[in-house]
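Trainee: Position in the sequence shown counted from 1, then plus 800, gives you the numbering used here. One structure is given below, represented as structure tokens, and several questions about it will come after.
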Amino acid sequence: MRICRRGDALVVEAPAKLNLFLEVLGRRADGFHDLETVMVAISLRDTLALRPAPAGVRRLTQRLALATQTLSPPPPCDETNLVLRAARLLAQATGCEQGVEIELIKRIPWQAGLGGGSSDAAAALWGLNRLWGLGLTTAQLHPLAAQLGSDLNFFIEQTPLAVCRGRGEAVEARPLQRRLDLVVAQPAGGLSTAAVFRNWKPDGDPRSAGELLRWLADGRCSVPPLTYNALQRPALEMHAGVERLCDGLAAQGAAAVTLTGSGSACFGLCRSSRQAQVIARKIRLESHCPAWAVHAAL
Ligand code: C5P
């Protein structure tokens, strides 16, 4: 997350995430699933501009970047929006009565498994803590983030790479010692996280993220990384476009092609930013899907 002042606004850049590894360890009594997942922040970002407003006013406006204008309608800007829920929760938790006008530029597609809504809400918590002069520490923001969703804590931690456990909210920052160039693409139509988790079935012994984490922590290690997502099979069953897109990315030369989160976006590793740009352009032209050349970055 990056924060800067622009006039009276505090501008926060909210990165998307990719799940380089995601194992589902089991279903829990509360309806959630226990996970072990390796998350990386990437250079595809939404932007939030936070401006002071009269007491009690919390308003959100949204602008869609070109690549997201053809997608299904985004979440509405009403009180159900996760960004406004984050603002309300922070105000309630601290007794703060100050208001805010939030302008959100959406570049990260939704229902994609890229964590865009979670990152926007985490950016709202982080930025409003600063704008309203509340002085909460990261440790104090974490429990608020966990109340809003399972992916927010990764973004609150402000780390490019982490292993996340529990339902995703227990974040352990990890070192990232290599440049990661990737191509990300989304087939037409998103997927509901709850529906994909419902469609998941246990499948043998849990896999380990150990080899992937060693590869990420050691820039000299040449063993090809093992990406994995236990939600890929249930997502493929629900959306044929995911498989076609994965095949398309692999055919263009992307390596370790995998679903991110509960989909429907997929990613592949590239040798260079140039290769990522070439593959993204081909996917846009030939598969008519939005595609982005990105790298790992906060
Ligand atoms: O936490 P979040 O609001 O992102 O989760 C959306 C839905 O995805 C949950 O209501 C739940 O059905 C499912 N989920 C799950 N296990 C997780 C995370 C999410 O079953 N670890």
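Glycine residues also receive a C-beta, built at the ideal position from the N, C-alpha and C atoms. Since this is a predicted model, take the numbers as computed values, not measurements.
(1) Look up residue 1082 in the DSSP assignment and say whether it is helix, strand or coil.
(2) So does the stretch 844-858 actually touch the stretch 803-811, counting three or more Cβ pairs closer than 8 Å?
(3) Can you tell me whether residue 910 is helix, strand or coil according to DSSP?
(4) Give the secondary structure of residue 1091 by DSSP, where H, G and I count as helix, E and B as strand, and everything else as coil.
(5) At 3 residues or longer, and completely inside the stretch 910-991: list those beta strand (DSSP E) runs for me, N to C.
(6) Going by alpha carbons, who is nearest to residue 1031 out of 999, 1047 and 869?
(7) Relative to the alpha-carbon of residue 892, which residue among 861, 860, 928 and 923 has its alpha-carbon at the smallest distance?
(8) What is the DSSP secondary structure of residue 877, counted as helix, strand or coil?
(9) Can you determine whether any heavy atom of the ligand C5P sits closer than 7 Å to the C-beta of residue 994, and answer yes or no?
(10) Counting Cβ pairs closer than 8 Å, one from the stretch 882-890 and one from the stretch 898-915, do we hit at least three?
(11) Return helix, strand or coil for residue 832, following the three-state DSSP convention.
(12) Return yes when the C-beta of residue 955 is under 7 Å from any heavy atom of the ligand C5P, and no when it is not.
(13) Kindly list the residues whose CB is nearer than 6 Å to the CB of residue 832, restricted to its own chain and excluding five residues on each side of it in sequence; keep chain order.
(14) Using DSSP's beta-bridge definition, name the partner residues of residue 821.
(15) If I measure Cβ to Cβ from residue 855 and keep anything under 7 Å in the same chain, skipping five residues before and after, which residues do I get?
(16) Using a Cβ-Cβ cutoff of less than 6 Å, which residues in the same chain neighbour residue 1091 once the five nearest sequence positions on both sides are dropped?
Mentor: Short version:
(1) Collapsing the DSSP output to three states places residue 1082 in a helix.
(2) Enough Cβ pairs lie closer than 8 Å, so yes.
(3) In this structure, residue 910 counts as coil in the three-state DSSP scheme.
(4) Strand at residue 1091.
(5) Runs of the beta strand (DSSP E) inside the stretch 910-991: 961-965, 970-973 and 981-985.
(6) For residue 1031, the nearest C-alpha among the options comes from 999.
(7) Selected option, being the one with the closest Cα: 928.
(8) DSSP places residue 877 outside both helix and strand once states are collapsed to three, so it counts as coil.
(9) Checking the Cβ of residue 994 against the ligand C5P gives yes.
(10) They touch, by the three-pair rule.
(11) For residue 832, the secondary structure class from DSSP, reduced to helix, strand or coil, is coil.
(12) Not so, every heavy atom of the ligand C5P lies at least 7 Å from the Cβ.
(13) Within the same chain, residue 832 has close Cβ partners 967.
(14) For residue 821, DSSP records a beta bridge to 838 and 1028.
(15) Same-chain partners within the cutoff: 897, 898 and 899.
(16) 985, 1080, 1083 and 1084, listed in sequence order.
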